[in-house]
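Residue numbers (full-length UniProt numbering): 1 to 169.
One structure below.
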Amino acid sequence: MRWWDIPGVLALERELFPDDAWSEATYWSELALARGPGRRRHYLVAEAAGGTLAGYAGLGVAGGTGEVMTIGVTGGHQGAGLGGRLLGALLDAAAGPFACHEVMLEVRVDNERARRLYQRFGFARVGVRRGYYQPGNHDALVMRRALPPGGSRTPVHSEGTEGGAGEDG
1 MRWWDIPGVL ALERELFPDD AWSEATYWSE LALARGPGRR RHYLVAEAAG
51 GTLAGYAGLG VAGGTGEVMT IGVTGGHQGA GLGGRLLGAL LDAAAGPFAC
101 HEVMLEVRVD NERARRLYQR FGFARVGVRR GYYQPGNHDA LVMRRALPPG
151 GSRTPVHSEG TEGGAGEDG
């Protein structure tokens with residue numbers, strides 16, 4: 001993801017997560033953490049034919065643990081495997097250059113589609129955070145996936161899709 005991707009990502013973020021969308025300032029902050037030798041973030045975008053935004057995803061890293069910070073796919077590309085490709089790219093980054101031993105995430109308890117995706121990739125429930133998503137006061141399911149030593153993400157389930165995930169940072 002680059003700075004010029006922010007307007008499109010913000011528009012999609014607001015469409016997908018109207019009650020708790022990230023702000024423009026948050027994305028600028030996150031991209032700053034994705035640069036330089038001590039970088040602690042990894043963001044990418046996926047483009048459809050013609051260069052239109054199809055999805056985005058982000059990974060945060062601290063102390064050998066990765067965290068899926070965000071992932072979103074446009075309605076027209078949902079169910080076509082793009083979310084799996086984005087998640088796979090985050091797991092590759094976590095296992096590879098960031099050398100993480102595990103990846104964590106939070107997902108709204110009522111987001112069944114996302115929960116199924118994470119389960120297919122080997123994430124398991126480890127807890128619930130009550131009232132995590134504000135202002136709607138929605139609970140978050142906390143999920144974890146161990147990454148094997150040596151950097152292989154070995155997906156439990158992979159899906160094919162058209163298009164691709166582009167990254168920078």
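Even for Gly, the Cβ is constructed at its ideal location relative to N, Cα and C.
Note that the structure is predicted; figures quoted are calculated from it, not measured.
In three-state terms, what does DSSP make of residue i?
i    : result
T26  : helix
G166 : Interpretation of G166 is limited by its pLDDT of 44, a score under 50 that renders its predicted location unreliable; no figure is taken from the coordinates.
R2   : coil
A114 : helix
A34  : coil
A124 : strand
A89  : helix
R39  : coil
Are there 16 or more other CB atoms within 10 angstroms of the CB of residue i, so buried, or fewer, so exposed?
i    : result
V128 : exposed
D110 : exposed
V68  : buried
D20  : exposed
G55  : buried
E112 : exposed
G88  : buried
R85  : buried
What residues are listed by DSSP as bridge partners for residue i?
i    : result
A140 : R108 and R129
V68  : L59 and L105
V73  : G55
R145 : V103
Who are the near neighbours of residue i in its chain, counting only those whose CB is closer than 8 Å to its CB and skipping five residues on each side?
i    : result
A140 : E106, V107, R108, V109, V128, R129, Y132 and Y133
Within the same chain, show all residues whose beta-carbon is closer than 6 Å to that of residue i, passing over the 5 residues directly before and after it, in chain order.
i   : result
G8  : L53
W22 : E13
G60 : R41, E67 and M69
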